[in-house]
Amino acid sequence: MHGVIEPPGPVPGFRHVLARAHPRGWLRGLGRMLRREAVNAWLGPLVIVAALGAIQQFGVLALLDGRFFDAVSTAAPGRPSSVVIVRRDAAFEAQSAARFTELERTLQRLGSARVGYLGAVPAASNGVVLGLPARSLPASDNWELVPHSAVPVKAAPAARVLALPEYGINRSQTGWLEGVDGPIASFEAAMAGRTPADARYLVRMPARQSIPQITASQLIDGQLEQGELDGMLALVADQPSLRASLATPLTPNRRATSEAAFRAHAINALHEGREVYLARAWENWVLLAIVGAVLALAYRRTDAKQIALIYPFALSVLILGGAWMALQFAHKLLPVTALLAAPWLVTFQRVLAREAWQDRRLEESASRAVQLSFRRSALREGARLPQFLGSAARYAGVERSLLFERHGDGSLHEVSTLNASLGDIALADKAFAQLLGSLRGTHSAQDANEVVPSWQGKTRIEWLGAGEHDLFWLHSHPETVGPGKSAHLVRAIVASFRELFRWRSQLNARSRQEERYLPVDEKVASAIALVANESEQVRHGFDTIDTAVVIFHLIGSPLHANTKMRELYREAGMVVSDTSLRDALLKLSQLGPRRIDAMIADLMHNGGEMRMPMRELGPGKRVLRLASPASHARGGDRVLVLEAIDVSDLHRAADLRQAVAMFIDLQLRNDFEAILLGAGLAGDKRMTAERIQPVVQRIGETARRATDRLDEVAELVRAENSQIVDASYPVDARKVVSEAIEKVAGFAGELGVSIEGDLPEMSGFTVAEPHALEEMLVAMLRVVIADTPQAGAAKLKLEELEGRTHIRVSGGFGIGFGRLMWLLSNYEDEAVGEYRVIGEGMAKAVQWDASVSYWGREADGFGFNIDLRRIG
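Residue numbers (my numbering): 732 to 1603.
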């Protein structure tokens, strides 16, 4: 059979993968990642460093870097010059062509190492440097020297060029030009006799550097002695090159430096190996990356706002010192401006990012605090605020109330009314609009009798607040019924409502536009005021509670105690703020340190509650209740609550019932003695039938009277105390079981029954109420012992496991399970004696997180199992 093969559909399990791969989802995930503080701490400096590197690469910061070089180089001390400038004066120029040869011989005799002419000369000795102009070749990056007919063959021609000025200042020079047959040395490189490492270098021009100058005619006339120019480089300059024409670091604001002087400084720098080179691009990137990493690492471990001035200032000093050292010893000009800008820009960015992160965190914390403080409250349910106002107005004695909104188009809409409507407003629309405009934003109420003249009593109108729309309240109250108190209460209601409305507008993200972009400090201030206001109200509410309550943090430190508990602390000689939970329990309860520690540890792990008797403080009797929410382990409300519950009335009721029961018991004894006496008389053989009948009647009356009293006693005994007095706390199970065995030992001895106990040598802590547990065990043992044949044995086993304690009582001849279940299930109405005690104990055991089971069969014995919670 052939069928149609359908193409496979999308796999449902991959929907989340596809959704995550969607561009919008990816962008949202990227945005969340970038907003993380840890990511932003590295990303911000990285972006700034990358931007500074790009700016440096394009030469935008060259001006400032050059100014730094100028300041350092001009402030440097002068060094002995290796260059002497020889001026071609008029007397020299007037001589014959042989003057150049004579000048060269004179310079050689004086010890000059090399001679160079700025320009071509008709005759030159071997090795003399001639600075000739150069020109670029068309459609090429190569250069060539401009040919000149006067250049001797034996001379060494070089390129007489000047590097382009940087922002009008000549501080750099060209080392060579690319020629067709190879590099063409510049005039300065040829004079210094060395090729610079780069085609462009910076020229050091110390302000205190002296360049000696002499005229050519003085040299020829022999005014200098032999050896005075030993090792020096002679730069022969014509008159045009001696004119001031360049702005240099020495004279940055005017053209006051000659070409010859500039070239002399360049030759000096090359000859001494002190020329300066710009840092390469990769070096700039590495330096900026190092600075960025140092900044990111520092600000990741500290708060940027705390070191926002000292840290970038100190780093700037280090950068300046490092740049100076690099300039002096490595002859490198670092990207000083970018390096100096990086600390301040990164600091500014980190401060802004920190502020933004703190603003978000503060806003989230404020919102979370408000949400936790005001669950399902008027603050969260803004639509219900007017309903609260309407109810409060009625209680304050307001006779008429009109709560309305004014929309952006000027229209009015009813929100809540009480014996009023918008139709009651008699004022003209324009005048009423002006009145509302004057009220907006104020906290004062105005008289409104002319607005609604039909209303009786004192009428007021006031502005309540602005959410999505402005809210106004028009109300009146009669002047006859407590006008002063009513007006005061209305003002209090309005102030409270206006405050809630303002807080809601500032804290609700869905509020109108002008509230949405409020500064975070205003929102946080509103949240703090809101929470503080509620805390104060809650504190006053706690103080009105009749039960003494103190709340502890999970670590045991006190958070809050109401007035009743503070009084108990004073009576016990304690101070709330200085007393831990453990110390408070040691002072207030009758438990020892080990039991208290075990109880607190169990509540911290599992939650729940425990009750324990309290020491007598003052006239009343109290029970302590320690409770912890079970949700704390999952990150919920991490608190422990200690209550001191007054059970004096319950104790008085129990004492009264006991007194009444004892009184009735005495009466019953009299009735039973009368019954026994009558029965004895009736059984006397000397009694005739006529005399027996009255005796039997009296026995019946006495029995009925005794039955009535038994019913009264049953009603009295069956009256239950509140569960509040049933304490449960860590007890020594072995001790309780041992005491129960001791109590029934005499009863077992009378019946000839032995008790076989299987108890551990040491016992931990088991949660129970010791008296109730002991009474239940005694009752169970008595039931089993009474059903055990003579010379038989009743068995009791105590077994402690991880987290649970098992007690097993067994023995006896046995009883039908149905009968046993009926006795224990209906203990309130049918059971008496031990079975009633067992049934009551089973009901109490549920409050200890315990359970009781039982079994029974005739001729097979019966028994009981008690399963309790163990905490140590």
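Glycine included, each C-beta is placed from N, C-alpha and C at the ideal position. It should be emphasised that the depicted structure is a prediction, and the values quoted were computed from it without experimental measurement.
By the C-beta criterion, the segment 1033-1053 is judged not to be in contact with the segment 977-996, since fewer than 3 inter-stretch pairs fall below 8 Å.
Residue state for W907 is assigned as strand, using DSSP reduced to three classes.
In the DSSP annotation of this structure, the continuous segment of the alpha helix (DSSP H) that includes Q1165 starts and ends at D1160 to L1170.
In this chain, the alpha helix (DSSP H) harbouring L1512 covers P1501 to A1517. By DSSP's assignment, P1350 forms no beta bridge with any residue.
F800 and R902 do touch by the CB rule: their CB atoms are close to 7 Å apart, below 8 Å.
Between T805 and P943, the gap from beta carbon to beta carbon reaches 8 Å or more. Per the coordinates, the alpha-carbon of A1054 lies some 39 Å from the alpha-carbon of D969. Here E1531 is buried. Its C-beta has 16 or more other C-beta atoms within 10 Å. Short of 6 Å from the beta carbon of V1077, and not among the five residues preceding or following it, lie these beta carbons of its own chain, in chain order: P776, I779 and L1026. With contacts defined by Cβ atoms closer than 8 Å, V852 and L966 do not form a contacting pair. Beta bridge pairing from DSSP links Y932 with Q904. Counting the other CB atoms within 10 Å of its CB gives Q1080 a total of 16 or more, which places it among the buried residues. In this model, E1533 and R1342 are separated by some 23 Å (Cα to Cα).
In the structure shown, A1479 falls within a helical segment according to DSSP collapsed to helix, strand and coil. Per DSSP, the continuous alpha helix (DSSP H) segment holding H1002 begins and ends at E990 to E1003.
Listed in chain order, the non-local C-beta contacts of T1173 below 7 Å within the same chain comprise W1194, local neighbours out to five positions each way being set aside. According to DSSP, D1178 shares a beta bridge with R1191.
Taken in chain order, the complete beta strand (DSSP E) segments of 3 residues or longer contained in the segment 1516-1574 are 1524-1531 and 1535-1542. Membership of F831 in the alpha helix (DSSP H) is indicated by the continuous run R830 to L841. When DSSP states are grouped into helix, strand and coil, Q944 belongs to the strand group.
In this structure, L1527 keeps its C-beta atom at 8 Å or more from the C-beta atom of I1597. Taking the C-beta atoms as reference points, G784 is found nearer than 8 Å to L1019. Annotation: the continuous alpha helix (DSSP H) that includes Y1300 extends over T1294 to E1302.
Boundaries for L794: no beta strand (DSSP E) harbours it, while the alpha helix (DSSP H) harbouring it runs A793 to A806, taken from the DSSP string.
For Y848, the uninterrupted beta strand (DSSP E) segment begins and ends at R845 to L849. Counted as a single uninterrupted DSSP element, the beta strand (DSSP E) harbouring G862 occupies residues V860 to L863.
Taking 8 Å as the cut-off, the Cβ atoms of A821 and L861 do not count as close. Taking the Cα positions, R1032 is about 24 Å away from W1016. Comparing C-alpha distances from A1522 to each of I1486, K1318 and S1494 shows the shortest one belongs to I1486. Taking C-alpha positions only, G1154 is separated from A1218 by approximately 25 Å. In this structure, DSSP gives H1284 an extended state, which the three-state scheme calls strand. In the DSSP assignment, M1341 is bridged to L1357. DSSP places Y1042 in the helix class (H, G or I) of the three-state scheme. Straight-line measurement puts the Cα of I1516 at about 11 Å from the Cα of G1477.
Pairing A1124 with L1149 gives a Cβ-Cβ distance under 8 Å.
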